[in-house]
Structure formats: structure tokens, C-alpha cells
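**Student:** If you scroll down you'll find the structure; I have some questions about it.
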Amino acid sequence: GENVEQHPSTLSVQEGDSAVIKCTYSDSASNYFPWYKQELGKRPQLIIDIRSNVGEKKDQRIAVTLNKTAKHFSLHITETQPEDSAVYFCAAARSTSYDKVIFGPGTSLSVIP
Amino acid sequence: EAGVAQSPRYKIIEKRQSVAFWCNPISGHATLYWYQQILGQGPKLLIQFQNNGVVDDSQLPKDRFSAERLKGVDSTLKIQPAKLEDSAVYLCASRKERGRYEQYFGPGTRLTVT
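If you read the protein sequences in the order shown, they are chains A and B.
Last residue of the first sequence: 113 (my numbering), numbering continuous.
Last residue of the second sequence: 114 (my numbering), numbering continuous.
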């Protein structure tokens with residue numbers, strides 16, 4: 001069945017450094033790739049997304065890249081800050097009759113002041 | 001705009017007991033999801049409604065889990081009887097319309113089965 005893998009499972013970076021999280025997906029029909037941030041004890045919130053007709057998207061310190069041929073996409077956070085510490089989930093979805101979304105297992109990011 | 005509401009926020013029950021969770025999506029959102037999030041894992045879709053119809057319940061353990069969305073608005077998720085492995089956070093999410101993918105999550109219900 002459909003599957004989304006995510007690496008690394010945990011990531012620690014010094015404040016100001018960059019963080020990169022990578023995901024791979026199995027369903028070649030996937031065409032939408034959102035990233036969610038979940039702070040401890042809180043709900044997941046969408047931080048950025050990308051569609052299959054775009055290779056890269058940026059929003060301030062956050063960027064996402066997509067390689068459809070290799071079926072992988074990545075989240076890049078530059079100039080990390082302590083408030084970036086959270087669990088990040090990638091997901092993949094395809095536009096079918098019901099737009100199913102498959103989430104990755106998550107990456108716990110710690111930004112050390 | 002009010003967010004997705006869920007209740008209760010926390011629930012502790014013994015195994016073999018029953019439990020029900022309630023979700024009120026954002027007004028006007030046609031699609032509603034129930035996810036199970038086990039500690040340290042990503043959300044796993046249990047069931048998806050489009051208005052009041054089920055469009056995906058392939059991962060719902062139907063021998064013990066049931067869900068309904070009467071009138072295409074509020075939804076309830078029930079577990080009967082509960083097992084220890086059902087301990088998780090149950091997240092409800094809604095989306096405005098098909099083709100617009102952003103899901104808005106509720107605060108979740110943390111279920112502990114002892």
C-alpha cells in the first residue's frame with residue numbers, strides 16, 4: 001500500500017544552523033506534499049506545501065524541494081531558532097475521488113540555543 | 001473563524017470499556033477526518049467523510065471502532081470494547097472542499113486504556 005518514509009527520526013542543531021528533513025513516498029500518483037509542525041501537546045499545523053508541478057517553494061526561512069522522478073521531497077529550515085523545536089511530519093496525497101493523505105512517522109527537531 | 005473542536009480532551013478507561021469522542025469541524029468544511037496518533041508516530045487515517053458519506057474507512061478496525069457524521073456536520077467516533085493498544089491521541093481534522101488540501105486539526109483527545 002501507500003507509504004511515506006521520513007529521515008532522520010531525530011535531529012539536533014545549533015541555533016542559527018540549517019536543518020534538513022527528507023521524505024520518500026511510494027505512490028507515484030501522489031501530487032501534493034504538505035509539511036506539518038506539531039509542538040509538544042499541540043495539534044499539527046501546516047507550515048508549507050508543494051504540488052507536483054513545482055520543484056521548489058520558499059516561505060521566509062522554510063523551503064521545500066520535490067524530485068518526482070526519485071519520489072522524494074525535503075524540508076529545509078535555515079537560521080534555526082529555538083521556537084522551531086517541534087515534531088515535523090511530511091505527507092503525500094493524490095487527487096483521487098477522496099484525496100487520501102498519508103503521513104510520515106515524523107522528525108523530532110531540537111534547536112539548541 | 002472558529003477552529004475544529006473536540007471533546008473530551010482526555011479520557012482514561014479500562015480495557016473492554018466503551019468510549020466516544022466528538023468533533024465539530026470548521027463551519028462549511030465538507031471533509032472530515034479521524035486520525036489515530038500513537039506516541040512517536042505520525043497520524044494514521046481511520047476514516048474520512050465527505051459531507052455525511054464515508055469515502056475511506058479502509059484502516060478502521062470495524063470490529064471495535066465505529067464513526068458517524070450525522071447531517072454532514074458533527075461527528076462521533078466510538079470504540080467498543082477498548083484494548084490497551086488503542087491508547088493514543090485521536091485527532092479530528094476538516095478541510096473546506098475537495099481539491100483544497102489543507103487540513104485543519106483539532107486539539108485531539110488523549111485516550112489512555114488501562
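Backbone N, C-alpha and C fix where the C-beta goes; we use that ideal spot for every residue, glycine too.
Please compile the residues from chain A whose C-beta is within a distance smaller than 8 Å of the C-beta of Y10(B).
**Tutor:** Against the second sequence, residue 10(B) aligns to sequence position 10. In chain order: nothing, as chain A lies at least about 11 Å away.
**Student:** In the DSSP output, which residue or residues are listed as bridge partners for S18(A)?
**Tutor:** To locate residue 18(A), count along the first sequence from 1; it is residue 18. In the DSSP output, where bridge partners are listed per residue, S18(A) has none listed.
**Student:** Who pairs with Q45(A) in a beta bridge, going by DSSP?
**Tutor:** Your numbering for residue 45(A) matches position 45 in the first sequence. Answer is K37(A), bridged to Q45(A).
**Student:** Would you list, in chain order, the members of the stretch 29 to 42 of chain B that have their beta-carbon closer than 7 Å to a beta-carbon of chain A?
**Tutor:** Q41 and G42
**Student:** Report yes if the CB atom of V4(B) is closer than 7 Å to the CB atom of I38(B), and no otherwise.
**Tutor:** If you number the second sequence from 1, residue 4(B) lands on position 4. If you number the second sequence from 1, residue 38(B) lands on position 38. Not in contact: V4(B) and I38(B) (Cβ atoms no closer than 7 Å).
**Student:** Just the chain B side, please: which residues come within less than 9 Å of K71(A) by C-beta, in chain order?
**Tutor:** Position 71 of the first sequence, counted from the first residue, corresponds to residue 71(A). Ordered by position in chain B, no residue passes the 9 Å Cβ test against K71(A), which lies about 18 Å from the chain.
**Student:** Give a yes or no on whether the C-beta atoms belonging to I77(A) and A92(A) are separated by under 7 Å.
**Tutor:** Here residue 77(A) is taken as the residue at index 77 of the first sequence, counted from 1. Here residue 92(A) is taken as the residue at index 92 of the first sequence, counted from 1. Taking 7 Å as the Cβ cut-off, I77(A) and A92(A) do not qualify as a contacting pair.
**Student:** Taking all protein chains shown into account, do 16 or more other C-beta atoms lie within 10 angstroms of the C-beta of V54(A), making it buried, or fewer, making it exposed?
**Tutor:** Taking the first sequence and counting its residues from 1, the one referred to as residue 54(A) is at position 54. Exposed, by the Cβ-count rule.
**Student:** With a threshold of 7 Å between beta-carbons, can F94(A) be considered close to chain B, or not?
**Tutor:** Working through the first sequence from its first residue, we reach residue 94(A) at position 94. Contrary to the premise, residue 94(A) reads as Arg rather than Phe in this sequence. Closer than 7 Å: no.
**Student:** Does the Cβ of T80(A) have 16 or more other Cβ atoms within 10 Å, making it buried, or fewer, making it exposed?
**Tutor:** For the purposes of this step, residue 80(A) is taken as the residue at position 80 of the first sequence. With 16 or more Cβ atoms within 10 Å of its Cβ, T80(A) is classed as buried.
**Student:** What residues in the stretch 62 to 86 of chain B have a beta carbon less than 8 Å from any beta carbon of chain A?
**Tutor:** none
**Student:** What are the boundary residues of the beta strand (DSSP E) that E5(A) is part of?
**Tutor:** Against the first sequence, residue 5(A) aligns to sequence position 5. Bounds of the beta strand (DSSP E) holding E5(A) are V4 to H7.
**Student:** Under 7 Å between the Cβ atoms of N52(B) and A30(B)?
**Tutor:** Within the second sequence, numbered from 1, the residue matching residue 52(B) stands at position 52. Within the second sequence, numbered from 1, the residue matching residue 30(B) stands at position 30. No, they are not a contact pair.
**Student:** Measuring only between beta-carbons, confirm whether F105(B) sits less than 7 Å from chain A.
**Tutor:** Mapped onto the second sequence, residue 105(B) falls at position 105. Yes, because at least one Cβ of chain A sits closer than 7 Å to the Cβ of F105(B).
**Student:** Go through its chain and collect everything with a Cβ distance to L60(B)'s Cβ below 6 Å, but skip five positions before and after it.
**Tutor:** Taking the first residue of the second sequence as 1, we reach residue 60(B) at position 60. By the criterion of a C-beta distance shorter than 6 Å, L60(B) is surrounded in its chain by L46 and I47, once the five residues flanking it on both sides are discounted.
**Student:** How would you label A70(A), buried or exposed, when you count the other beta carbons within 10 angstroms and need 16 or more for buried?
**Tutor:** For the purposes of this step, residue 70(A) is taken as residue 70 along the first sequence, with counting starting at 1. By the 10 Å Cβ count, A70(A) comes out exposed.
**Student:** Inspect the beta-carbon positions of L46(A) and Y32(A) and report whether they are closer than 7 Å.
**Tutor:** Here residue 46(A) is taken as the residue at index 46 of the first sequence, counted from 1. Here residue 32(A) is taken as the residue at index 32 of the first sequence, counted from 1. Not a contact, by the Cβ cut-off of 7 Å.
**Student:** DSSP beta-bridge partners for K11(B)?
**Tutor:** If you number the second sequence from 1, residue 11(B) lands on position 11. According to DSSP, which records beta bridges pairwise, K11(B) is partnered with L111(B).
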